[in-house]
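Taking it in order: structure first as structure tokens, then the write-up.
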Amino acid sequence: MSKRKSSSKLIFYDLKQEGVKIQIVSDASYFSSEQEFLDINRKIRRGDIIGCKGYPYKSNTGELSLKPTCIQTLAPCLHLFPHPYFGLKDIHKKFQQRYLDLLINDSVCHQLITRSDVLKYIRKFFHKQNFTEVETPYLSMIPSNNDNRFFKTHHNKLDMNLNLRMTSGLYLKELIIAEFNKIFEIGHFFKNEATDKFRSSEFTACEFYMAYKDFDYLMKFTESLISEMVKSLTGSYKIKYHLDGTSGPEYEIDFTSPFKRVKMWPFLESALEMKLPEPKSLYSLESKKMLIDVCGKHGIKCPEPQTSSKLLNKLVEHFVEKSTVSPTFVCDYPVIMSLLAKQHSDTIGLSERFELFIKRMKIINAYTALNDPVEQRQRLVEDRVFGADEISMIGGTYLAALEHGLPPTVGGKIDVDKLALILTNNNDIREILWFPLVPPE
Numbered sequence: 382m383s384k385r386k387s388s389s390k391l392i393f394y395d396l397k398q399e400g401v402k403i404q405i406v407s408d409a410s411y412f413s414s415e416q417e418f419l420d421i422n423r424k425i426r427r428g429d430i431i432g433c434k435g436y437p438y439k440s441n442t443g444e445l446s447l448k449p450t451c452i453q454t455l456a457p458c459l460h461l462f463p464h465p466y467f468g469l470k471d472i473h474k475k476f477q478q479r480y481l482d483l484l485i486n487d488s489v490c491h492q493l494i495t496r497s498d499v500l501k502y503i504r505k506f507f508h509k510q511n512f513t514e515v516e517t518p519y520l521s522m523i524p525s526n527n528d529n530r531f532f533k534t535h536h537n538k539l540d541m542n543l544n545l546r547m548t549s550g551l552y553l554k555e556l557i558i559a560e561f562n563k564i565f566e567i568g569h570f571f572k573n574e575a576t577d578k579f580r581s582s583e584f585t586a587c588e589f590y591m592a593y594k595d596f597d598y599l600m601k602f603t604e605s606l607i608s609e610m611v612k613s614l615t616g617s618y619k620i621k622y623h624l625d626g627t628s629g630p631e632y633e634i635d636f637t638s639p640f641k642r643v644k645m646w647p648f649l650e651s652a653l654e655m656k657l658p659e660p661k662s663l664y665s666l667e668s669k670k671m672l673i674d675v676c677g678k679h680g681i682k683c684p685e686p687q688t689s690s691k692l693l694n695k696l697v698e699h700f701v702e703k704s705t706v707s708p709t710f711v712c713d714y715p716v717i718m719s720l721l722a723k724q725h726s727d728t729i730g731l732s733e734r735f736e737l738f739i740k741r742m743k744i745i746n747a748y749t750a751l752n753d754p755v756e757q758r759q760r761l762v763e764d765r766v767f768g769a770d771e772i773s774m775i776g777g778t779y780l781a782a783l784e785h786g787l788p789p790t791v792g793g794k795i796d797v798d799k800l801a802l803i804l805t806n807n808n809d810i811r812e813i814l815w816f817p818l819v820p821p822e
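Yeah, the sequence shown ends on 822 if you go by the numbering used here, and it's all consecutive.
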């Protein structure tokens, strides 16, 4: 609530609630006495929550207004309330005291409402397709070994080491084995890694799987979800976006289907202007050394252990991800990068996996699930031999479940936070999180 005085007998208040504003015109002639008018109005301060009873009308400018006969303070604001015009200049305070930012900044409220709309649309889309919404554990017993990407905790009563989940995919595929053929989950996931403007340690995603569908259907399914969501929430398939903040150039992103499709391996070779090892030979030490040299040549740092999978991921981030603004499916990733994905039917060493990139960000990672337990176990062995830590993601429980028969299955993960970033024309993930993590000063 804001307050401005027009005269000794006329005071204006602006009341705001959920983005709607109403003007209160406190006129002394509507009170039982001038003293009552003065006693009530002198106590009211900017930021107070008040209740009014009176006569509604429209002002000369057409603004909805109320002339009160009674004003009651419902909750006082005991602090100096920031002025909406100036906002919160202290970025730390802006996110630490989120309620203040939301009280004075309508644009932030609208951004968070858009985030909520994204979640509502995704949930509605899957329900309309007859998916069952499920819940899987946030605390996992999957062994993480020395994998520092996990947030770790300990259950005192059961004396068990547990991890906060990075994915729910293994549990979801176990439910597919249990003949829940179309399932999805929207929830929080956690990665104990470096954060930046586009990544948070705690993030919201939707994971989904469906049985008896193929890779091409999966691509069209996700394309329809994203394209129609943009149309539903914005009224158009085309949106405006600033890649480098509002001061930078404005781009138009077209979500009209079909989206652009490129094959990952030739795309990367073209960007590097060189021939890479054959995908089927990527487990060799020679291939790994070559990838280390390529990353070094381009100044790309890769943390230990420097596996071929990690090196390739860094190259994709640097050359592929950074070159995709409009929606682009990057398809057919090497098997060495896709531990859980089925091998491609046409090319040995490649998998039936794609990632959808928009505005230089990975929005969806999806694939045809590998359902051969023998091959899955062999891949894990090879992964361990070459020093990868992906083995920590897969426990014996899942392998045992796989031996009971996983039908042909496709699925993936949708990054809700990044979709909200795009649809709000934002370049800071903290702006579209209700309560972003802020370190103490």
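We put the CB at the ideal spot given by N, CA and C, even for glycine.
Because the structure is a prediction, the values reported are computed rather than measured.
Under 7 Å Cβ to Cβ from residue i, same chain only, skipping five residues before and after it: list those, please.
i: F462; result: R427, G428
i: Q724; result: V716, S732
i: R496; result: A801, I813
i: F648; result: V701, V711
i: Q757; result: L751, L780, L783
i: T442; result: none
For residue i, which residues from the same chain have a beta carbon less than 6 Å from its beta carbon, with the 5 sequence-adjacent residues on both sides left out?
i: E771; result: Low local confidence applies: a pLDDT of 49 at E771 is under 50, so the model's placement there is unreliable, with the coordinate-based value given in what follows. Counting only Cβ-Cβ distances below 6 Å, and skipping sequence neighbours, we find L720, D764.
i: F816; result: R479
i: K703; result: R741
i: I567; result: C587
Given this structure, state the Cα-to-Cα distance separating residue i from residue j, to the nearest angstrom.
i: K475; j: S549; result: 33 Å
i: K434; j: K612; result: 42 Å
i: Y436; j: H464; result: 28 Å
i: G432; j: E736; result: 52 Å
i: D809; j: R423; result: 41 Å
i: S665; j: G677; result: 19 Å
i: F584; j: I607; result: 19 Å
i: K682; j: L663; result: 19 Å
i: R760; j: M655; result: 28 Å
i: A592; j: V791; result: 7 Å
i: S387; j: H460; result: 24 Å
i: H679; j: V697; result: 13 Å
i: F393; j: H699; result: 56 Å
i: S389; j: E417; result: 13 Å
i: K743; j: S690; result: 17 Å
Is the separation between the beta-carbon of residue i and that of residue j shorter than 9 Å?
i: E604; j: S638; result: yes
i: A652; j: V797; result: no
i: I745; j: I503; result: no
i: I729; j: K621; result: no
i: L545; j: F531; result: yes
i: V401; j: S440; result: no
i: K669; j: T688; result: yes
i: T705; j: F738; result: yes
i: L787; j: I557; result: yes
i: I485; j: T454; result: no
i: E444; j: Q404; result: yes
Following the continuous alpha helix (DSSP H) through residue i, name the residue where it begins and the one where it ends.
i: Y598; result: 596-615
i: M645; result: 645-653
i: K501; result: 487-509
i: C676; result: 666-678
i: E588; result: Here E588 belongs to no alpha helix (DSSP H); instead the beta strand (DSSP E) covers 583-592.
i: H473; result: 472-477
Is the Cβ of residue i closer than 9 Å to any Cβ of chain D?
i: R496; result: Protein chain content of the structure displayed is limited to a single chain, and chain D is not contained in it.
Nearest CA to the CA of residue i: which residue from the options?
i: S628; options: I745, T513, N807; result: N807
i: L521; options: T805, E659, H535; result: Checking the sequence, you will find Ser at residue 521 rather than Leu. Ranking T805, E659, H535 by Cα distance to S521 puts H535 first.
i: D625; options: L445, E654, K740; result: K740
i: H569; options: A559, Y519, M610; result: Y519
i: M645; options: L657, I452, I634, I425; result: L657
i: F507; options: P708, T778, F589; result: F589
i: C574; options: F596, P684, E555, M718; result: The sequence given here places Glu at residue 574; Cys does not occur at that position. The candidate whose alpha carbon is nearest that of E574 is P684.
i: K695; options: Y552, F412, D487, I673; result: I673
Using a Cβ-Cβ cutoff of less than 8 Å, which residues in the same chain neighbour residue i once the five nearest sequence positions on both sides are dropped?
i: A722; result: Y714, V716, S732, E733, R734, Y748, T749, A750, L751
i: F561; result: T513, V515
i: L483; result: V489, C490, L493
i: L391; result: V406, S407, D408, A409
i: M547; result: R530, F531, F570, F571, K572, M774
i: K619; result: E633, I634, D635, F636, T637
i: V499; result: M610, L614, V797, L800, A801, L804
May I ask which residues mark the beginning and end of the beta strand (DSSP E) holding residue i?
i: S732; result: No beta strand (DSSP E) holds S732; DSSP gives it neither H nor E.
i: Q404; result: 401-408
i: A575; result: Looking at the DSSP string, A575 is not in any beta strand (DSSP E), and its letter there is neither H nor E.
i: E631; result: 631-635
i: I430; result: 430-439
i: N746; result: 742-749
i: V791; result: 790-796
i: K621; result: 619-623
i: K384; result: 383-388
i: K533; result: 533-536
Hey, would you say the C-beta of residue i is under 8 Å away from at least one heavy atom of the ligand MG?
i: D625; result: Looking for the ligand MG in the displayed structure turns up nothing, as the structure carries no ligands at all.
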